[in-house]
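If you read the protein sequences in the order shown, they are chains A and B.
According to my numbering, the first sequence is numbered sequentially starting from 90.
According to my numbering, the second sequence is numbered sequentially starting from 90.
See structure below.
2 protein chains.
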Amino acid sequence: MANYQHILLAIDTSEHHQQVCDKAASLAQQHQATLSICHLVENYLASDFAYEGINNVTVEMQDDLLNNAKARIKTHAAMLNIPQERCWVEFGNPRYDVVRLADEHKVDLIIVGSHGRHGLQLLLGSTANAVLHHAKCDVLAVRLNN
Amino acid sequence: MANYQHILLAIDTSEHHQQVCDKAASLAQQHQATLSICHLVENYLASDFAYEGINNVTVEMQDDLLNNAKARIKTHAAMLNIPQERCWVEFGNPRYDVVRLADEHKVDLIIVGSHGRHGLQLLLGSTANAVLHHAKCDVLAVRLNN
């Protein structure tokens, strides 16, 4: 039977984390797979894109963003019994760095939360969409209740 | 444990059917889920889009397309032990009718094959992409070897 060996749960900024966490925990158990978790924090200082209204971001503010994210994701990791070495919270672009992390750690299934998107949102795309198109492994999009 | 109850395998025109079929069979077995299969055949006659070069499609040619698709998908269904009543091959738009079929039959996981897409392909989107954004349930994109 084609079991998944290493599942990567990619957490975004959504408030629906618990729903995706529960699903990831179930699947990891069913497949007896290693479960890892990642969260990418946008680095506004390093970005060459002019973020209107947030061009006064300081190094301290960026560090706060990262530290807050680390604290939040650590809580989820603890609930999922994921050890610290498989809990990756770092600066990066969720669209590409989720796939990079998956490649580096030989992940064979990425789990992402997915909201329904319509109109302009569809055109702009989403993390789930980017991961789907760039991943070299399978991708499970867990439908979140809007 | 959050098991999937009804899995819908949505087959497209790719030649990589076997890869997706094997994955669907494994998952259905693991989840002890009902497995259904669908394939949508584009109806060029009903479309309001002017298909360049294929505007001489006749009713007979359309029927041939559908019958050929039915024969092909029937072979896959038989290998997967899917009975005829859960093997849906019909005219429609794969982008929307996969989701409609999933809704109608209370599917909680849609499995689609996914090719990597870049550049213009990304912009044009794919069935996997459309299903991801419109589905009201989870979507597993099985990565196909290009």
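By construction, the Cβ of each residue, glycine as well, lies at the ideal position given by its N, Cα and C atoms.
Values in this document were obtained by computation on a predicted structure and should not be read as measured data.
Spatial neighbours of residue i within its chain, please: C-beta separation below 6 Å, excluding the five flanking residues on both sides.
i, result
"Ala-117 of chain A", "Ile-96, Leu-124"
"Leu-98 of chain B", "Ala-113, Ile-126, Ile-200"
"Ala-217 of chain B", "Val-201, Ser-203, Ala-230"
Step through the CB atoms of chain A and report whether any lies within less than 9 Å of the CB of residue i.
i, result
"Val-231 of chain B", "yes"
"Ser-115 of chain B", "yes"
Does residue i get closer than 9 Å to chain B when you measure Cβ to Cβ?
i, result
"Leu-169 of chain A", "no"
"His-95 of chain A", "no"
"Asp-101 of chain A", "no"
Less than 9 Å between the beta carbons of residue i and residue j, yes or no?
i, j, result
"Val-196 of chain B", "Gln-108 of chain B", "no"
"Leu-221 of chain A", "Ser-203 of chain B", "yes"
"Tyr-93 of chain B", "Leu-169 of chain B", "no"
"Tyr-133 of chain A", "Gln-151 of chain A", "yes"
"Val-188 of chain A", "Lys-225 of chain A", "yes"
"Pro-183 of chain A", "Asp-101 of chain A", "yes"
Along chain A, in chain order, which residues have C-beta atoms closer than 9 Å to that of residue i?
i, result
"Asp-227 of chain B", "Lys-112, Ser-203, Leu-229, Ala-230, Val-231, Arg-232"
Report the neighbours of residue i on chain B: residues whose CB is nearer than 9 Å to its CB, in chain order.
i, result
"Gln-119 of chain A", "Met-90, Asn-92, Gln-119, His-120"
May I have the straight-line CA-CA distance separating residue i from residue j, to the nearest angstrom?
i, j, result
"Met-90 of chain B", "His-223 of chain B", "Because the pLDDT at Met-90 of chain B is just 44, under 50, the model does not fix this residue reliably, and the point stays unresolved."
"Asp-173 of chain A", "His-165 of chain A", "According to the sequence provided, residue 173 of chain A is Gln. The question's Asp does not apply to it. Roughly 11 Å between the two C-alpha positions."
"Asn-234 of chain B", "Thr-147 of chain A", "44 Å"
"Asp-192 of chain A", "Asn-156 of chain B", "41 Å"
"Leu-154 of chain B", "Val-130 of chain A", "49 Å"
"Lys-163 of chain A", "Gly-181 of chain A", "18 Å"
"Asp-227 of chain B", "Ala-160 of chain B", "28 Å"
"Ser-63 of chain A", "Ile-171 of chain A", "This structure leaves residue 63 of chain A out entirely; chain A is present only between 90 and 235."
Please compile the residues from chain B whose C-beta is within a distance smaller than 7 Å of the C-beta of residue i.
i, result
"His-217 of chain A", "Inspection of the sequence shows that residue 217 of chain A is occupied by Ala rather than by His. Chain B residues near Ala-217 of chain A: Leu-221."
I'd like the list of long-range same chain contacts for residue i, defined as Cβ closer than 8 Å, with 5 residues on each side in sequence excluded.
i, result
"Tyr-185 of chain B", "Ala-219, His-223"
"Trp-177 of chain B", "Ser-125, Ile-126, Cys-127, His-128, Leu-190"
Would you mind telling me which residues of chain A sit closer than 7 Å to residue i, beta carbon to beta carbon, in chain order?
i, result
"Ala-224 of chain B", "Arg-232"
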